[in-house]
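According to this note's numbering, the sequence shown is numbered sequentially starting from 1.
Ideal Cβ placement from N, Cα and C applies to all residues, glycine included.
In this text the structure is predicted, and so the values were computed from the model without any measurement.
Below is one structure, written out as structure tokens; comments come after it.
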Amino acid sequence: MDLGTYDYAVVGAGIVGAASALELCRRAPKARILLIEKEDAPARHQTGRNSGVVHTGAYYKPGSKKAQLCREGLLRTKHYCEAKGLKFETRGKLLVATNDQEKARLGNLANRASQNGVTVQDLSLTDLTSLEPNVAGCAAVRLPDTAIVDYSQIAGSLLEDFVANGGTFLPSTTLIGIDSRHGKTALITQRGMIGCEHLVVCGGLQSDRIIRMAGLACDVKVVPFRGEYYRLPERKSKVVKHLIYPVPDPKLPFLGIHLTPMIDCSITVGPNAIISLAREKYSKVSFNSADFREMALFAGFWRSLAKHPCTIANEIRSAASKRYYLKQVQKYCPKVELRDLCQYVAGHRAQIVHPDGRLEDDFLFRSQDRMTFVLNAPSPAATSAMPIAQEICERVLSR
Ligand SMILES: Cc1cc2nc3c(=O)[nH]c(=O)nc-3n(C[C@H](O)[C@H](O)[C@H](O)COP(=O)(O)OP(=O)(O)OC[C@H]3O[C@@H](n4cnc5c(N)ncnc54)[C@H](O)[C@@H]3O)c2cc1C
Numbered sequence: 001m002d003l004g005t006y007d008y009a010v011v012g013a014g015i016v017g018a019a020s021a022l023e024l025c026r027r028a029p030k031a032r033i034l035l036i037e038k039e040d041a042p043a044r045h046q047t048g049r050n051s052g053v054v055h056t057g058a059y060y061k062p063g064s065k066k067a068q069l070c071r072e073g074l075l076r077t078k079h080y081c082e083a084k085g086l087k088f089e090t091r092g093k094l095l096v097a098t099n100d101q102e103k104a105r106l107g108n109l110a111n112r113a114s115q116n117g118v119t120v121q122d123l124s125l126t127d128l129t130s131l132e133p134n135v136a137g138c139a140a141v142r143l144p145d146t147a148i149v150d151y152s153q154i155a156g157s158l159l160e161d162f163v164a165n166g167g168t169f170l171p172s173t174t175l176i177g178i179d180s181r182h183g184k185t186a187l188i189t190q191r192g193m194i195g196c197e198h199l200v201v202c203g204g205l206q207s208d209r210i211i212r213m214a215g216l217a218c219d220v221k222v223v224p225f226r227g228e229y230y231r232l233p234e235r236k237s238k239v240v241k242h243l244i245y246p247v248p249d250p251k252l253p254f255l256g257i258h259l260t261p262m263i264d265c266s267i268t269v270g271p272n273a274i275i276s277l278a279r280e281k282y283s284k285v286s287f288n289s290a291d292f293r294e295m296a297l298f299a300g301f302w303r304s305l306a307k308h309p310c311t312i313a314n315e316i317r318s319a320a321s322k323r324y325y326l327k328q329v330q331k332y333c334p335k336v337e338l339r340d341l342c343q344y345v346a347g348h349r350a351q352i353v354h355p356d357g358r359l360e361d362d363f364l365f366r367s368q369d370r371m372t373f374v375l376n377a378p379s380p381a382a383t384s385a386m387p388i389a390q391e392i393c394e395r396v397l398s399r
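The following block contains the structure:
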């Protein structure tokens, strides 16, 4: 079946795809633009399964795309939510060190945050106790601009704007092949063929596979890092006011198990970071033999495990033992008890791993011929979705 021909086709209705499709509509108002999504609704994967935090850009290497686009993303997300009447709450984040090693790292992190133009407030221990009486540590800083939102809601709103601006959205449409041999790009989906002048792929956990589908060489792979959350019961929903984060290991792109007030007034605990054996299946025991085989045959996967054996062992322990998970939280919030950890959702981070085992630290985009790919867009890509969309459009429209 012929599903039509478009100037631009975008694959993936997570927040990055929805923002990119809308940005294309705004910049090329006469163009015919299509957004396809394999699920029956937007935001079913990373976008709908995250912490809902609008990051400030404190953690990222100065000059990196993450540092730059996250800072812009905070402002753009705030303005968009204000314009659309979507919930946006600036709660502020406390980063709490609980030993001398973390205290030294916290100092480095605070310097990095300042270099990135992020407001950082040093807190005395008296300040810490008066701001958060249930939180304990030996040093802390406050990032007052950190906010919370509902990214599924934002993605849904971007999609509505896209359709209102003349774009076409096709849910339940899976891209299964790409033929770009004859001067135009033909997308093969399970529902039929789509023609387009330029293809934009925002495929999240499938991004590496779609690049290969297009016949392009790609020596990196997505490794899905599962993040498991718990939710605190209502009686504990005021245990903290700020977002409370530990000091992360600077060698890894994960932020550690944190306490996050959510926009629905609950508080989540998590996420940890363990390798998942199925890219887009979310139960604890999910296993996809094709996903597993592909990962097991990739040397970069084994090399990445060899680089971080202790961290991996600790993360597996946090998945296997609720008591061990709790210990990570009690280091800075002793008030949380075992009976407070109520089951909640899990999400999978699409993390690019290089053949040498290095976890890609920055956002990665790739353009070739009439195709543009978002290859690595883990956290803070939800915060940064609007500036990422701008970058994508510049790449597309300059070709
Ligand atoms: C546990 C966790 C916590 C996080 N916390 C935060 C946070 O607090 N703040 C923050 O900024 N970021 C956070 N992130 C990261 C953030 O959620 C992601 O960076 C962001 O959602 C990426 O959006 P995306 O649109 O690229 O990917 P996704 O939301 O995964 O969307 C990709 C879409 O592509 C579709 N797709 C894939 N293949 C095909 C195909 N063949 N055909 C058609 N459609 C296809 C998928 O179905 C999916 O809908 C977190 C992520 C996780 C997992």
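query	result
In the DSSP output, which residue or residues are listed as bridge partners for Phe225?	Ile275, Arg349
Looking at Tyr8: is its Cβ nearer than 9 Å to the Cβ of Ala382?	no
Could you tell me whether the Cβ atoms of Ala19 and Leu158 are closer together than 9 Å?	yes
Count the CB pairs spanning the region 18-35 and the region 214-232 that are closer than 8 Å, and state whether there are at least three.	no
In chain order, which alpha helix (DSSP H) runs of at least 4 residues are fully inside the region 13-85?	15-27, 65-84
Please determine, among Glu89, Ile392, His45, Glu391, the residue with the shortest C-alpha to C-alpha distance to His242.	Glu89
Do Val120 and Ala110 have their beta-carbon atoms positioned less than 9 Å apart in this structure?	yes
For Val141, report the span of its beta strand (DSSP E) as first-last.	139-143
Would a C-beta distance cut-off of 9 Å place Asp145 and Gly73 closer than the cut-off?	no
For Val11, which beta-bridge partners are listed by DSSP?	Ile36, Val201
Is the closest heavy atom of ligand 1 to the C-beta of Cys202 under 8 Å?	yes
Count Cβ pairs between the region 160-176 and the region 253-263 that sit closer than 8 Å; are there 3 or more?	no
Please check the pair Phe301 and Val223, which I expect to be a contact at CB under 8 Å, by giving their CB distance rounded to whole angstroms.	6 Å
Mind checking Thr1: buried by the 16 CB within 10 Å criterion, or exposed?	Residue identity check: residue 1 is Met in the sequence provided, not Thr. Flag for Met1 reads exposed.
What do you reckon, are the CB atoms on Asp362 and Lys61 nearer than 9 Å?	yes
Can you give me the C-alpha to C-alpha distance between Asp340 and Ser124, rounded to a whole angstrom?	29 Å
Consult DSSP for Leu187 and reduce its assignment to one of helix, strand or coil.	strand
Can you list, in chain order, the residues of its chain with a C-beta nearer than 6 Å to that of Arg231? Leave out the 5 residues immediately preceding and following it.	Ser266, Thr268, Cys342, Tyr344
Count Cβ pairs between the region 198-214 and the region 3-17 that sit closer than 8 Å; are there 3 or more?	yes
First and last residue of the beta strand (DSSP E) that includes Asp208?	Looking at the DSSP string, Asp208 is not in any beta strand (DSSP E); the run it does join, the alpha helix (DSSP H), is 207-213.
Determine the direct distance from the alpha carbon of Gly85 to that of Phe292, and round the result to whole angstroms.	42 Å
Rounded to whole angstroms, how far is the Cβ of Thr372 from the Cβ of Val200, which I believe are closer than 8 Å?	5 Å
With DSSP as the reference, label Val96 as helix, strand or coil.	strand
Can we count Ala67 as close to ligand 1, meaning its CB is less than 8 Å from some heavy atom?	no
Beta carbon of Val54: closer than 8 Å to some heavy atom of ligand 2?	Ligand 2 is not part of the structure shown, which contains ligand 1 as its ligands.
Could you check which residue in Cys333, Arg366, Ala389 has the C-alpha nearest to that of Pro133?	Cys333
Measuring CB atoms only, is the region 98-118 touching the region 48-68, in the sense that at least three cross pairs come out at less than 8 Å?	yes
Quick check: what's the CA-CA separation for Leu175 versus Val336?	45 Å
Can you give the beta carbon distance from Ile36 to Leu170, rounded, assuming they're within the 8 Å contact cut?	5 Å
In whole angstroms, what separates the C-alpha of Glu294 from that of Ala313?	22 Å
Within 8 Å: the Cβ of Leu24 and any heavy atom of ligand 1?	no
From Gly63 to Ala377, what distance separates their C-alpha atoms?	17 Å
When the Cα of Asn272 is compared with those of Tyr59, Tyr229, Gly156, which residue comes out closest?	Tyr229
In terms of residues, what are the limits of the alpha helix (DSSP H) holding Tyr324?	322-330
Count the other C-beta atoms from every protein chain shown that fall within 10 angstroms of the C-beta of His79, then say buried if there are 16 or more, exposed otherwise.	exposed
Between Leu3 and Ser289, what straight-line distance do the alpha-carbon atoms span, to the nearest angstrom?	32 Å
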